[in-house]
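In the working numbering, the protein residues as written are 3 to 351.
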């Protein structure tokens, strides 16, 4: 089997597994959890005002993530961030391994507007680190709130402990790498050697120059964070809280009251599922998020039908809505000359 055939075979297998997981959850599991006809009636009973407020919160959630990109890439406008983010999200939500495909689209879009590839790489890395730090910190916050209520669960405690370990380890490693140019070079050289050995196994040439690039990258990261760390941190926190707000609004609108599932319990479910959905089982966590949230919220005390209704409304706003929006933004970019070579000069802050 050639290398290209192996890649196609693995891609096909990934598609089959993703479809199997989605079908198993939506056809086999959720109908056993709740009466889907009652779920449909619950969603259909939403008033015009409730639909409008849910859409408004969902719109703010999209806007808030654009601000993260603006904070991490000096010179980027909000409109450009919207085009890039929605196009990449649409791919991530529809294509197996779509997040990886989306990175290529992100690079093409940014460079078509004149941003240097090194600046784009730095933006993606820093915003990704900040997003993951927020993601692993949320179970810790939820655990603290639930501990005050005496409602902390074993699953959330476990997730919180994992979050603390990852949070401390990531911050420590990041700080050490930024503090020492020598260490950054040594780590890059070690990784370079490991990658080169792996490439030799598949008869590919070695990689070189990683130590120098790591040193340059370190300098650029220090410069960016020195100017943008507050904006990046604030926008990241707001973005994660905005996504949580969409879930809260959806649940309350369909009748899942605070007496059944408190705000802290919803946050705990949200934080836990955000961690497990990071595993690339299906595009955009389709099926995995729905099942995880439903299970966590029902265990917390919610009735099955309203919980499933709320979760499906939430996913319609945060998973389905970005797909057509992303298709439109991508087409807009292509019509505006997205295939032209990048200008020579990159925007500056």
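Idealized CB from N, CA, C, for every residue including glycine.
Straight-line Cα distance separating residue j from residue i
| i | j | result |
| --- | --- | --- |
| residue 203 | residue 211 | 20 angstroms |
| residue 183 | residue 326 | 44 angstroms |
| residue 16 | residue 284 | 9 angstroms |
| residue 57 | residue 253 | 14 angstroms |
| residue 190 | residue 216 | 6 angstroms |
| residue 237 | residue 205 | 44 angstroms |
| residue 60 | residue 128 | 25 angstroms |
| residue 336 | residue 78 | 18 angstroms |
| residue 76 | residue 91 | 21 angstroms |
| residue 116 | residue 80 | 16 angstroms |
| residue 11 | residue 150 | 51 angstroms |
| residue 328 | residue 109 | 16 angstroms |
| residue 195 | residue 209 | 8 angstroms |
| residue 275 | residue 295 | 6 angstroms |
| residue 22 | residue 281 | 16 angstroms |
| residue 167 | residue 174 | 10 angstroms |
| residue 301 | residue 188 | 48 angstroms |
| residue 171 | residue 234 | 20 angstroms |
| residue 142 | residue 97 | 32 angstroms |
| residue 197 | residue 207 | 10 angstroms |
| residue 349 | residue 64 | Any reading at residue 349 is ruled out, since the residue's pLDDT is 42, under 50, leaving its predicted position unreliable. |
| residue 140 | residue 27 | 26 angstroms |
| residue 94 | residue 14 | 17 angstroms |
| residue 106 | residue 338 | 18 angstroms |
| residue 118 | residue 55 | 39 angstroms |
| residue 103 | residue 298 | 31 angstroms |
| residue 18 | residue 321 | 20 angstroms |
| residue 52 | residue 241 | 22 angstroms |
| residue 342 | residue 185 | Bear in mind that the predicted position of residue 342 carries a pLDDT of just 47, short of 50, making it too unreliable to give a figure here. |
| residue 148 | residue 265 | 10 angstroms |
| residue 192 | residue 34 | 51 angstroms |
| residue 114 | residue 330 | 18 angstroms |
| residue 144 | residue 30 | 31 angstroms |
| residue 84 | residue 319 | 16 angstroms |
| residue 247 | residue 214 | 43 angstroms |
Member of the options whose CA lies at the smallest distance from the CA of residue i
| i | options | result |
| --- | --- | --- |
| residue 62 | 48, 21, 249 and 298 | 249 |
| residue 245 | 260, 224, 174 and 268 | 268 |
| residue 24 | 224, 311, 49 and 292 | 292 |
| residue 270 | 22, 318, 91 and 146 | 146 |
| residue 278 | 137, 116, 324 and 97 | 137 |
| residue 71 | 200, 27, 125 and 330 | 125 |
| residue 74 | 112, 106 and 54 | 112 |
| residue 324 | 304, 106, 286 and 54 | 286 |
| residue 303 | 260, 274 and 105 | 260 |
| residue 132 | 300, 239 and 296 | 239 |
| residue 243 | 33, 66 and 54 | 66 |
| residue 232 | 48, 306, 69 and 118 | 69 |
| residue 334 | 86, 19, 20 and 27 | 86 |
| residue 32 | 321, 55 and 290 | 290 |
| residue 1 | 53, 122 and 55 | Since the displayed the chain opens at 3 and closes at 351, residue 1 lies outside it and no answer follows. |
| residue 315 | 180, 48, 118 and 299 | 48 |
| residue 163 | 273, 50 and 29 | 273 |
| residue 101 | 330, 52 and 130 | 130 |
| residue 305 | 114, 319, 258 and 84 | 258 |
Classification of residue i by the beta-carbon crowding that lies within 10 angstroms, buried from 16 upward
| i | result |
| --- | --- |
| residue 356 | Absent from the model: residue 356. The displayed extent of the chain is 3 to 351, so no value can be given. |
| residue 367 | No answer is possible for residue 367: the residues shown for the chain start at 3 and end at 351. |
| residue 220 | buried |
| residue 224 | exposed |
| residue 255 | buried |
| residue 332 | buried |
| residue 88 | buried |
| residue 218 | exposed |
| residue 307 | buried |
| residue 317 | buried |
| residue 263 | buried |
| residue 120 | exposed |
Neighbour flag for residue i against chain B, beta carbons, 8 angstroms
| i | result |
| --- | --- |
| residue 302 | Absent from the structure is chain B; it holds one protein chain and no more. |
Mind the definition here: the stretch 37 to 49 touches the stretch 227 to 237 only if three or more C-beta pairs lie below 8 angstroms; say whether that holds.
Judged by Cβ distances under 8 angstroms, the stretch 37 to 49 makes no contact with the stretch 227 to 237, as fewer than three pairs qualify.
Touch check for the stretch 41 to 52 and the stretch 303 to 323: three-plus C-beta pairs under 8 angstroms?
Contact between the stretch 41 to 52 and the stretch 303 to 323 is present, because at least three Cβ pairs lie under 8 angstroms.
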